[in-house]
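K.L.:
What follows is a single structure, and I will ask about it in a moment.
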Amino acid sequence: IMTTSRTLICLLRNDLRVHDNELFHWAQKNAEHIVPLYCFDPRHYMGTHNYNLPKTGPFRLRFLLESIRDLRNTLLSKGSNLVVRRGKPEHVVAELIKQLGSVSTVAFHKEVTSEELNVEKKLKDVCDQMKVKVHTCWGSTLYHIDDLPFHHISGLPDVYTQFRKEVETQSRVRPVFPTPEQLKPLPPGLEEGTIPTADDLQQTEPVTDPRSAFPCSGGESQALARLKHYFWDTDAVANYKETRNGLIGVDYSTKFASWLALGCISPRYIYQQIKQYEKQRTANQSTYWVIFELLWRDYFRFVSVKYGNRIFQVKGLQDKSVPWKNDMKLFNAWKEGRTGVPFVDANMRELAMTGFMSNRGRQNVASFLTKDLGLDWRMGAEWFEYLLTDYDVCSNYGNWLYSAGVGNDPRENRKFNMIKQGLDYDYNGDYIRLWVPELQKIRGADVHTPWTLSTAALSHAEVSLGENYPTPIVIAPEWSKHINNKPRGTGPSPRGKKGPSHTPKQHRDRGIDFYFSRSKNL
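Okay, so the sequence shown: first residue is 1 according to full-length UniProt numbering, each after it adds one.
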């Protein structure tokens with residue numbers, strides 16, 4: 001298909017949206033034909049680096065395929081289409097440049113970690129050889145990397161709070177790019193290409209679990225609808241700070257992360273909507289807290305730029321040697337939710353069955369893996385990479401470095417107390433009974449510590465430790481004081497199964513304590 005008119009290839013990766021997308025904004029002004037291109041890169045479907053777990057699991061793949069279908073529909077409604085190919089982007093792009101003969105530029109959003117940067121380097125090499133220009137944009141963060149108040153990324157503070165304060169006082173969030181009404185068409189005769197199935201990519205189709213706290217589909221349309229629901233239709237955002245440590249239900253937190261990870265929604269658009277909500281409805285700690293969490297996401301991305309591959313290395317950012325274990329028996333018990341510690345098991349099973357886990361749960365199971373079991377933190381990071389729908393390389397590895405005590409904050413070396421945390425956030429045990437049905441007949445808070453119950457109580461609840469539910473693979477000494485103080489009977493849970501949960505007053509800021517307090521009693 002030879003045409004003489006100027007054609008632009010927009011290679012899409014984690015920017016699967018039309019709103020606030022600089023690539024489309026720029027291409028629309030600079031070309032007669034635009035080729036929005038998505039490549040299913042075979043490297044994304046191989047094994048993880050250290051423990052060879054599948055890189056892309058069934059939940060994230062389903063979410064990605066939904067997002068690709070949604071983007072194609074949106075582009076079709078704007079006079080364009082999404083061209084889909086299977087293969088390495090550098091090979092696919094070279095093929096298209098040859099085939100079209102009119103490509104003047106290849107444009108893409110910059111990424112920050114090694115595998116993605118490697119693809120960018122190969123794309124640049126191909127374009128150089130074929131005399132085609134390369135245009136790159138930065139679009140993944142709330143604050144643009146060029147607007148950071150540090151002369152160089154090496155000046156990025158090693159403590160989040162310092163970063164946050166400097167950015168909030170000295171930088172501003174750029175306005176969103178307008179959403180194009182129409183887009184320039186594809187070059188005539190270019191095949192759109194079929195969107196593969198999970199089967200085509202050697203992955204199984206996941207089963208939908210009715211208990212899921214994230215029963216949402218991928219795609220920009222769904223992301224925008226979720227924001228509308230959470231902000232404008234329910235005002236749930238006005239209570240976010242109180243409910244965000246919940247465990248059961250869809251509305252205890254924004255649930256934006258999966259869409260943010262694929263770029264189906266832009267952090268700047270969320271920010272703009274928060275500002276509008278604050279003007280029109282209410283501004284409080286909760287509305288600010290959404291921005292606070294978006295800033296964590298930015299921070300982990302900028303940390304990845306500053307430290308490069310050190311975020312993946314076992315010694316972490318401080319080059320700290322820890323004698324981690326690689327005990328596969330312990331790891332399997334953790335990943336399958338068979339540790340015999342119900343709060344851990346419930347969270348790990350929720351992840352395995354749905355591809356989602358609450359923020360509260362993630363902090364706990366990560367602490368359990370690294371501090372209670374002493375296993376290599378990368379085993380946990382790669383398990384999350386495999387299963388999480390919202391897997392984002394920088395946030396995932398950044399959070400695991402923190403949990404393992406090898407991140408860049410000198411105050412990080414904390415250990416969570418599984419029993420205290422379980423009682424704080426699932427006082428009555430409803431969350432445990434939801435995900436660990438073999439303990440369903442143990443009433444109230446006793447479900448947190450079945451190994452402390454009498455033989456009679458266990459047999460009454462039809463639990464046989466070591467048979468239908470494991471004995472704990474580890475018991476930390478600091479658990480005992482919370483076991484002995486456990487509330488008796490079954491008071492109302494602060495967190496019912498229905499609707500958003502309500503964090504008990506005294507624990508509202510626990511999530512911040514994880515990062516900011518010096519208190520080790522978590």
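Just so you know, even glycine gets a beta-carbon here, dropped at the ideal spot from N, CA and C.
Taking its Cβ as the centre, do 16 or more other Cβ atoms sit within 10 Å of S321, making it buried, or is it exposed?
P.N.:
By 1-based counting over the sequence shown, the position of residue 321 is 321. With fewer than 16 Cβ atoms within 10 Å of its Cβ, S321 is classed as exposed.
K.L.:
Any contact of the stretch 463-473 with the stretch 331-350, i.e. 3+ C-beta pairs under 8 angstroms?
P.N.:
Because the criterion of three Cβ pairs below 8 angstroms is met, the stretch 463-473 and the stretch 331-350 touch.
K.L.:
Per DSSP, K133 forms a beta bridge with which residues?
P.N.:
The residue given as residue 133 occupies position 133 in the sequence shown. Beta-bridge pairing links K133 to T105.
K.L.:
Among the candidates F231, D390, T389 and T452, whose CA atom is the shortest distance from the CA of I419?
P.N.:
Position 419 of the sequence shown, counted from the first residue, corresponds to residue 419. That would be T452, whose Cα lies nearest to the Cα of I419.
K.L.:
Should Q170 be labelled buried (16 or more other beta-carbon atoms within 10 Å of its own) or exposed?
P.N.:
Counting from one through the sequence shown, the residue named residue 170 turns up at place 170. Answer is exposed; the Cβ neighbour count stays below 16.
K.L.:
What does DSSP give as the partner residue(s) for residue 523 in the beta ladder?
P.N.:
An answer regarding residue 523 cannot be provided, because it is not within the stretch 1 to 522 covered by the chain.
K.L.:
For the putative contact between L82 and P36, defined by C-beta atoms under 8 angstroms, what is the C-beta separation to the nearest angstrom?
P.N.:
Within the sequence shown, residue 82 is the residue found at index 82, counting from 1. Within the sequence shown, residue 36 is the residue found at index 36, counting from 1. 5 angstroms between Cβ atoms; contact.
K.L.:
Give me the DSSP bridge partner(s) of T7.
P.N.:
The count along the sequence shown starts at 1 and reaches residue 7 at position 7. According to DSSP, T7 bridges with H33 and V103.
K.L.:
Mark M379 as exposed unless 16 or more other C-beta atoms lie within 10 angstroms of its C-beta, in which case mark it buried.
P.N.:
Working through the sequence shown from its first residue, we reach residue 379 at position 379. Label assigned to M379: buried.
K.L.:
I'd like to confirm the pairing. Which residues does DSSP put opposite K325 in its beta bridges?
P.N.:
As a first step, residue 325 must be located in the sequence shown, where it is residue number 325. DSSP lists L375 as partners of K325.
K.L.:
Does the beta-carbon of M357 have 16 or more other beta-carbons within 10 angstroms, so that it is buried, or is it exposed?
P.N.:
Reading the sequence shown from its first residue, position 357 is the one you call residue 357. Buried, by the Cβ-count rule.
K.L.:
Please report the straight-line C-alpha distance between V303 and Q28, rounded to a whole angstrom.
P.N.:
In the sequence shown, residue 303 corresponds to position 303, counting from 1. In the sequence shown, residue 28 corresponds to position 28, counting from 1. Rounded to whole angstroms, V303 to Q28 spans 33 angstroms at the Cα level.
K.L.:
Is it buried or exposed, K241, if we count other Cβ atoms within 10 angstroms and call 16 or more buried?
P.N.:
What you label residue 241 is simply residue 241 of the sequence shown in a count that begins at 1. Result: buried.
K.L.:
Which whole-angstrom value is the C-beta distance of V406 and L317, which I expect to be below 8 angstroms?
P.N.:
As a first step, residue 406 must be located in the sequence shown, where it is residue number 406. As a first step, residue 317 must be located in the sequence shown, where it is residue number 317. At roughly 7 angstroms, the Cβ-Cβ gap stays under 8 angstroms, so V406 and L317 are in contact.
K.L.:
Just to confirm the assignment, what range does the beta strand (DSSP E) spanning R86 have?
P.N.:
Taking the sequence shown and counting its residues from 1, one reaches residue 86 at position 86. V83 to R86 is the span of the beta strand (DSSP E), which, as asked, contains R86.
K.L.:
Can the beta-carbon of S367 be found closer than 7 angstroms to that of S395?
P.N.:
Residue 367 sits at position 367 when you count from the first residue of the sequence shown. Residue 395 sits at position 395 when you count from the first residue of the sequence shown. Not a contact, by the Cβ cut-off of 7 angstroms.
K.L.:
What does DSSP give as the partner residue(s) for G47 in the beta ladder?
P.N.:
Walking along the sequence shown from the start, residue 47 turns up at place 47. P54.
K.L.:
For L465, which residues does DSSP report across the bridge?
P.N.:
Indexing the sequence shown from 1 puts residue 465 at position 465. Paired residue(s): Y469.
K.L.:
Please say whether L260 and F108 have beta carbons closer to each other than 7 angstroms?
P.N.:
Your numbering for residue 108 matches position 108 in the sequence shown. Your numbering for residue 260 matches position 260 in the sequence shown. Not in contact: F108 and L260 (Cβ atoms no closer than 7 angstroms).
K.L.:
Take the Cβ of P188 as the centre, count every other Cβ of all protein chains shown within 10 Å, and call the residue buried at 16 or more, exposed below.
P.N.:
Within the sequence shown, the letter at position 188 stands for residue 188. Exposed, by the Cβ-count rule.
K.L.:
Counting Cβ pairs, one atom from each stretch, are 3 or more of them under 8 angstroms apart for the stretch 269-277 and the stretch 289-304?
P.N.:
Enough Cβ pairs lie closer than 8 angstroms, so yes.
K.L.:
Name the one or two DSSP bridge partners that F40 has.
P.N.:
Sequence index remark: in the sequence shown, residue 40 carries index 40 (1-based). Paired residues: R86.
K.L.:
Tell me the DSSP bridge mates of L12?
P.N.:
Taking the first residue of the sequence shown as 1, we reach residue 12 at position 12. In the DSSP output, where bridge partners are listed per residue, L12 has Y38.
K.L.:
Rounded to the nearest angstrom, what separates A257 and S266 at their Cα positions?
P.N.:
Taking the first residue of the sequence shown as position 1, residue 257 is located at position 257. Taking the first residue of the sequence shown as position 1, residue 266 is located at position 266. Distance between the alpha carbons of A257 and S266: 11 angstroms.
K.L.:
Out of curiosity, what's the CA-to-CA distance linking N485 and C216?
P.N.:
What you label residue 485 is simply residue 485 of the sequence shown in a count that begins at 1. What you label residue 216 is simply residue 216 of the sequence shown in a count that begins at 1. Near 39 angstroms, if we compare the C-alpha coordinates of C216 and N485.
K.L.:
Report the option in Q440, R349, L64 and V393 whose CA atom is closest to the CA atom of A198.
P.N.:
Here residue 198 corresponds to residue number 198 of the sequence shown, with the count starting at 1. Checking every option, the nearest Cα to that of A198 belongs to L64.
K.L.:
How big is the Cα-Cα spacing for residue 526 and F331?
P.N.:
The structure shown does not extend to residue 526, since the chain is modelled only from 1 to 522, so the question has no answer here.
K.L.:
Note down, in chain order, each residue of its chain lying with its Cβ closer than 7 angstroms to the Cβ of L373, except the 5 sequence neighbours on either side.
P.N.:
Indexing the sequence shown from 1 puts residue 373 at position 373. These residues qualify, in order along the chain: L330, W334 and V474.
K.L.:
On the criterion of 16 or more Cβ atoms from any shown chain inside 10 Å, does T7 qualify as buried, or is it exposed?
P.N.:
The count along the sequence shown starts at 1 and reaches residue 7 at position 7. Buried, because 16 or more other Cβ atoms sit within 10 Å of the Cβ of T7.
K.L.:
Roughly how far, in whole angstroms, is the beta-carbon of H460 from the beta-carbon of P342, given that I think they are within contact range, below 8 angstroms?
P.N.:
As a first step, residue 460 must be located in the sequence shown, where it is residue number 460. As a first step, residue 342 must be located in the sequence shown, where it is residue number 342. Not confirmed; about 17 angstroms, so no contact.
K.L.:
Is DSSP giving N364 helix, strand or coil here?
P.N.:
Numbered from its first residue, the sequence shown carries residue 364 at position 364. If DSSP states are grouped into helix, strand and coil, N364 belongs with the helices.
K.L.:
So L123 and E90 are in contact, right, with Cβ under 8 angstroms, and what is the actual spacing, rounded?
P.N.:
Within the sequence shown, residue 123 is the residue found at index 123, counting from 1. Within the sequence shown, residue 90 is the residue found at index 90, counting from 1. Confirmed, Cβ separation roughly 5 angstroms.
K.L.:
Can you tell me whether C127 is helix, strand or coil according to DSSP?
P.N.:
Mapped onto the sequence shown, residue 127 falls at position 127. DSSP places C127 in helix when its eight states are reduced to three.
K.L.:
Excluding five sequence neighbours on each side, which residues of the same chain lie with their C-beta closer than 6 angstroms to the C-beta of V84?
P.N.:
Locating residue 84 in the sequence shown gives position 84, counting from the first residue. Counting only Cβ-Cβ distances below 6 angstroms, and skipping sequence neighbours, we find Y38, G193 and I195.
K.L.:
So is Q182 buried or exposed if we call it buried at 16+ other beta carbons inside 10 Å?
P.N.:
As a working note, residue 182 is residue 182 in the sequence shown. Answer is exposed; the Cβ neighbour count stays below 16.
K.L.:
In this structure, how does DSSP classify P206 when only helix, strand and coil are distinguished?
P.N.:
Looking up residue 206 in the sequence shown gives position 206. Coil.
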